[in-house]
Structures are given as structure tokens and as C-alpha cells.
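Here the structure comes first, spelled out in C-alpha cells, and everything after it is commentary.
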Amino acid sequence: MKAKANNNIVLIGFMGVGKGTVARELSKQSKLFAIDCDDLIESKENRKIGKIFDEDGEKYFRDLEKHTAKWLEKNVKNTIISTGGGFYKVKNLQKIGTIIYLQSSFDAIFERILHHPNAKQKLAKRPLLKDLKKAQTIFSERIKSYKECADIVINVENKTPSDIAKEILKHF
Ligand code: S3P
-11 MKAKANNNIV
-1 LIGFMGVGKG
9 TVARELSKQS
19 KLFAIDCDDL
29 IESKENRKIG
39 KIFDEDGEKY
49 FRDLEKHTAK
59 WLEKNVKNTI
69 ISTGGGFYKV
79 KNLQKIGTII
89 YLQSSFDAIF
99 ERILHHPNAK
109 QKLAKRPLLK
119 DLKKAQTIFS
129 ERIKSYKECA
139 DIVINVENKT
149 PSDIAKEILK
159 HF
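This note's numbering numbers the first residue of the sequence shown as -11 and each following residue consecutively.
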């Protein structure tokens, strides 16, 4: 596949699917640097995602995502960009880079988070995962859209980050 003009690779997918991990692996295997949208938002705001949700609510956070998306489109090239699970909704997503959807079942994602050595920290970063039923509803609402806005869909279940990165790079 021909990469988009800015040569960015954008990873989208549900919370905890491993977008950050795969981005770092992609960075290791390619000549590109990796950045993460939630990290950009946290540094811009100088507070954690959980705190932003607690203090200012989800709408405020979504506006920060839109602001980040505009900045990425204007300023970033030759970069791997991992995104938060709701970032796919920004209007200019397609202009940021080639969109890769990391696909997995809800159960496999939850297993991955719960068995992580930093499970507690992983959950704290994700206020929308606090209520399992709600998280499941959000998952069902989003899976179709993730697929629709993706240029490439990669099934990540039972694969190592290194294998996933190799599979992604084969497309370019
Ligand atoms: C969110 C996902 C989180 C973070 C925020 C909202 C979402 O990022 O951006 O808690 O709406 O799915 P991860 O996908 O890295 O967990």
C-alpha cells in the first residue's frame, strides 16, 4: 500500500488493545519515531487523563483530542502515532496518516489488561473501563466504526507485538 503523503502511521482501536506497545515495536523495527496522543494531551495539560476526566469531564477531553488531531495534521510527519480508543472520531483522522485498526475481541483485550503487571495503573488511566458493562457497550458501539475508518485492519489476538509490527510494515 502507498503510504499517505505525510508518511505517518496511525494506530486506532479499543482501550487496552496494545496500540502503545505496538507503536514502540514499530518504531524499533522502522526508522520512525513514535508518539502517543494521550501522552501529548497529558503533557499539554500537565495532568493525567484520569484527572482530566474527573475535573473537567469527557467533553473537555474530547475537545483536547480534536485540538491534538489538528496539531498532528499540521505539524507531524514520518511518525508512528498511537491514539486513545475514542480518537478515531476526530474529523480530520484521514488527513493525519495511514489508519491501522488493531482488532481484537473484548474478552481478549480484558485478559490482556488484567494480566498485565501494571493492571491497576492501566485501569486508572482508563476511566471508561471502570464499569465492565458500560465498557462492553462502548466496544459494541465502536467496532463497526473502527473498521470503517481504517485503511488496514490487523487482527492482533494471540500475536506478539513484534509479529504485529512486522505484519503492519509488510503493507508498505
Ligand atoms: C479512551 C481511551 C483511552 C484514553 C481515554 C478515553 C476511549 O486511551 O484516551 O481514557 O474513549 O476509548 P487508550 O485507548 O490508550 O486506553
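Backbone N, C-alpha and C fix where the C-beta goes; we use that ideal spot for every residue, glycine too.
Integer-rounded CB distance, given that residue j should sit under 8 Å from residue i
i, j, result
"residue 165", "residue 73", "Because the chain spans -11 through 160 in this model, residue 165 falls outside it and cannot be assessed."
"residue 133", "residue 13", "Their Cβ separation, rounded to whole angstroms, is 25 Å, which puts residue 133 and residue 13 out of contact at 8 Å."
Backbone CA spacing between residue i and residue j [nearest angstrom]
i, j, result
"residue 52", "residue 122", "23 Å"
"residue 156", "residue 64", "20 Å"
"residue 81", "residue -9", "15 Å"
"residue 10", "residue 130", "20 Å"
Buried or exposed (CB count within 10 angstroms, at least 16 for buried), residue i
i, result
"residue 117", "buried"
"residue 7", "buried"
"residue 89", "buried"
"residue 4", "buried"
"residue 75", "buried"
Closest by C-alpha distance to residue i, when choosing among the options
i, options, result
"residue 125", "139, 95, 70", "95"
"residue 69", "160, -4, -9, 157", "-4"
"residue 78", "55, 107, 135", "55"
"residue 60", "41, 119, 114, 25", "25"
"residue 152", "16, -11, -6", "16"
"residue 32", "103, 18, 148, 49", "49"
Cβ-heavy atom distance, residue i to ligand 1, below 6 Å
i, result
"residue 114", "yes"
"residue 69", "no"
"residue 26", "yes"
"residue 45", "no"
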